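Notes for the one structure printed next.
In my numbering, the protein residues as written are 5 to 183.
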């Protein structure tokens, strides 16, 4: 994709600046980015076509001169399928997106929760979408909560045992001496 703009100096036309972006190369770059533990990032145009994606199928199709779309890439990539499912529900209109939007979404495909972020780019009206499974963030919190519960349970047993021993020594022993 190429974008051109005139270069003006002191209100005089000086030159034309042209920037060419190789979408296959951009997709290869995206494949090197780690988004959470198992999330992904995709660049979309305002009508939902995939401009760049780390999915190997997208890179191969772009090298063959084809423009991949979310439904075709989503068949082999669950994260892209989640983005397509969310957009397919009509919950967001990409063409009207003017600021970054973050949503939590439960996929009907796998029943898992995901965090989705859509951020508009000023470049050629593109949108960067990220999808991260909620478990990537919440797994540590859930593990810590279980550990805290186990420690509190153990602490409760220790305190209860000490209370029983103290009650036996302070109350039970004197009562046995009376009888």
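We put the CB at the ideal spot given by N, CA and C, even for glycine.
If you're wondering where the values come from, they're calculated on a predicted model, not measured in any experiment.
Counting only the Cα atoms, residue 68 lies some 34 Å from residue 116. A straight line joining the alpha-carbon of residue 92 with that of residue 106 spans about 17 Å. The secondary-structure analysis by DSSP pairs residue 133 across a beta bridge with 46 and 122. The C-alpha of residue 144 is placed about 47 Å away from the C-alpha of residue 22. Residue 148 sits in a helix when the DSSP states are folded into three classes. In the DSSP assignment, residue 86 falls within the alpha helix (DSSP H) that extends over 82 to 92. Around residue 103, the same chain offers no residue with a beta carbon nearer than 6 Å, after the five sequence neighbours per side are excluded.
For the set 15, 64, 9 and 36, the Cα lying nearest the Cα of residue 24 is the one of 9.
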